[in-house]
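Enquirer: In our numbering, the protein residues as written are 35 to 275.
Just so you know, even glycine gets a beta-carbon here, dropped at the ideal spot from N, CA and C.
If you're wondering where the values come from, they're calculated on a predicted model, not measured in any experiment.
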Ligand code: SAH
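1) What's the gap between the Cα of residue 239 and the Cα of residue 245?
2) Kindly indicate the opening and closing residues of the beta strand (DSSP E) around residue 154.
3) Using DSSP with H/G/I as helix, E/B as strand and the rest coil, what is residue 174?
4) Nearest to residue 147 by CA position, among 254, 193, 135, is which residue?
5) Classify residue 179 as buried or exposed, calling it buried when 16 or more other Cβ atoms lie within 10 Å of its own Cβ.
6) Per the DSSP calculation, residue 260 is bridged to which residue(s)?
7) With burial defined as no fewer than 16 other Cβ atoms inside 10 Å of the residue's Cβ, what is the status of residue 40: buried or exposed?
8) Count the other CB atoms, across all protein chains shown, that sit within 10 Å of the CB of residue 272; report buried if there are 16 or more and exposed otherwise.
9) Would you mind sorting residue 228 into buried or exposed? The rule is 16 or more other CB atoms within 10 Å of its CB.
10) Below 8 Å on the Cβ atoms is my contact criterion, and I expect residue 101 with residue 115 to pass it. Report the Cβ-Cβ distance as a whole number of Å.
11) Residue 129 and residue 144 - do their beta-carbons sit closer together than 8 Å?
12) Helix or strand or just coil, what does DSSP make of residue 71?
13) I'd like to check one pair, residue 237 with residue 214: are the Cβ atoms closer than 8 Å?
14) How is the beta strand (DSSP E) around residue 166 delimited, first residue to last?
15) Along the beta strand (DSSP E) that carries residue 88, what are the first and last residues, could you check?
16) Got a sec: does the ligand SAH put a non-hydrogen atom nearer than 7 Å to the Cβ of residue 239?
17) The ligand SAH and residue 174: does any heavy atom of the ligand fall closer than 7 Å to the residue's C-beta?
18) With DSSP collapsed to three states, give me the class of residue 270.
19) Determine whether the beta carbon atoms of residue 187 and residue 208 lie at a separation below 8 Å.
20) Would the beta-carbon of residue 99 fall within 8 Å of that of residue 185?
21) Short check: CB of residue 211 to CB of residue 256, under 8 Å?
22) Who pairs with residue 143 in a beta bridge, going by DSSP?
Here it is, written out as structure tokens:
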């Protein structure tokens, strides 16, 4: 295993911020939420995420709106949380790390595979990207679409198997795969623009994977770099029809 195993320990050891009254509409409660979010961003920055657009988006997007009500008091802790269907919203540090490495900027066309709660899509949308996101579970795709709309984040969500990307909208400036793959799906590499960047966890889908950065040069040649060990839920296969 290459990279820095510290990140796995940190995933498990997250800092829980517990204050049941944080979520009411009272002005003092809203201050508490802001402080909790600020502490989350400070932690992410202290671990090395520097990109100002990424940090500003993490500071702006209300993560507590993306977690089930039962977990709201942990919304700003640095660990993944269950979102139903055996799936999770990713650890905030990893969201920040992947976002920074994708180098998203306003106006870029970005594909996300693994919509989940819609949080990563909201971060990209807040940066000003044109976001397309695919989710394999119908119920999660529907709830993420409704949530993003309610909160005012523009992102196009569709149900489907992200192994095949989104050919009708390709090519993309950046692709973020937020579920673990056993291999790099060729369709996704094909759908990356020259100069584009893709992040994908690859390895043992029920264990540890390596986060891989794939860059395409101006001639369209792809190269890969291994970043750090991570644990994502598996990238599933759609059942045969
Ligand atoms: N990015 C999400 C968290 C991702 S968890 C967030 O911000 O909340 C991984 C998600 O990938 C899960 O919701 C899972 O259902 C979805 N998924 C798994 N296999 C998939 C596939 N083949 N295509 C699209 N989505 C998939």
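Expert: The short version:
1) Looking up residue 239 in the chain shown gives position 205. Looking up residue 245 in the chain shown gives position 211. If I take the Cα positions, the gap works out to 12 Å.
2) By 1-based counting over the chain shown, the position of residue 154 is 120. Boundaries for residue 154: no beta strand (DSSP E) harbours it, while the alpha helix (DSSP H) harbouring it runs 153–161, taken from the DSSP string.
3) Start at 1 with the first residue of the chain shown, and residue 174 comes out as number 140. Reduced to three states, the DSSP call for residue 174 is helix.
4) Within the chain shown, numbered from 1, the residue matching residue 147 stands at position 113. For residue 147, the nearest C-alpha among the options comes from 193.
5) Translated into positions along the chain shown, residue 179 becomes position 145. By the C-beta density criterion, residue 179 is buried, having at least 16 other C-beta atoms within 10 angstroms.
6) Position 226 of the chain shown, counting from 1, holds the residue named residue 260. Answer is 246, bridged to residue 260.
7) Position 6 of the chain shown, counting from 1, holds the residue named residue 40. Only weak support exists for where residue 40 lies, its pLDDT of 41 falling under 50; the value from the coordinates is given anyway. By the neighbour-count rule (16 or more Cβ atoms within 10 Å), residue 40 is not buried but exposed.
8) Taking the first residue of the chain shown as 1, we reach residue 272 at position 238. Under the 10 Å beta carbon count, residue 272 is surrounded by fewer than 16 other beta carbons and is classified as exposed.
9) Counted from its first residue, the chain shown places residue 228 at position 194. So residue 228 ends up on the exposed side.
10) Taking the first residue of the chain shown as 1, we reach residue 101 at position 67. Taking the first residue of the chain shown as 1, we reach residue 115 at position 81. About 5 Å separates the two Cβ atoms, so the contact holds.
11) The count along the chain shown starts at 1 and reaches residue 144 at position 110. The count along the chain shown starts at 1 and reaches residue 129 at position 95. A distance of 8 Å or more separates the beta carbons of residue 144 and residue 129.
12) Sequence index remark: in the chain shown, residue 71 carries index 37 (1-based). Here DSSP, grouped into helix, strand and coil, assigns residue 71 to helix.
13) For the purposes of this step, residue 214 is identified with residue 180 of the chain shown, where counting begins at 1. For the purposes of this step, residue 237 is identified with residue 203 of the chain shown, where counting begins at 1. Contact: yes.
14) Stepping through the chain shown from its first residue, residue 166 is reached at position 132. In the DSSP assignment, residue 166 falls within the beta strand (DSSP E) that extends over 164–169.
15) If you number the chain shown from 1, residue 88 lands on position 54. Element bounds for residue 88: not the beta strand (DSSP E) but the alpha helix (DSSP H), 86–94.
16) The count along the chain shown starts at 1 and reaches residue 239 at position 205. In terms of side-chain proximity, the C-beta atom of residue 239 is found no nearer than 7 Å to any non-hydrogen atom of the ligand SAH.
17) Position 140 of the chain shown, counted from the first residue, corresponds to residue 174. True, at least one ligand heavy atom lies under 7 Å from that Cβ.
18) On the chain shown, position 236 is the one that residue 270 refers to. Shown here, residue 270 sits in coil according to DSSP, grouped into three states, outside any helix or strand.
19) On the chain shown, position 153 is the one that residue 187 refers to. On the chain shown, position 174 is the one that residue 208 refers to. No, the pair does not count as a contact, with Cβ atoms beyond the cut-off.
20) As a working mapping, residue 99 is identified with position 65 in the chain shown. As a working mapping, residue 185 is identified with position 151 in the chain shown. Cβ distance < 8 Å, so residue 99 and residue 185 count as in contact.
21) As a working note, residue 211 is residue 177 in the chain shown. As a working note, residue 256 is residue 222 in the chain shown. Result no, Cβ atoms of residue 211 and residue 256 do not sit closer than 8 Å.
22) The residue given as residue 143 occupies position 109 in the chain shown. Partner(s): 164.
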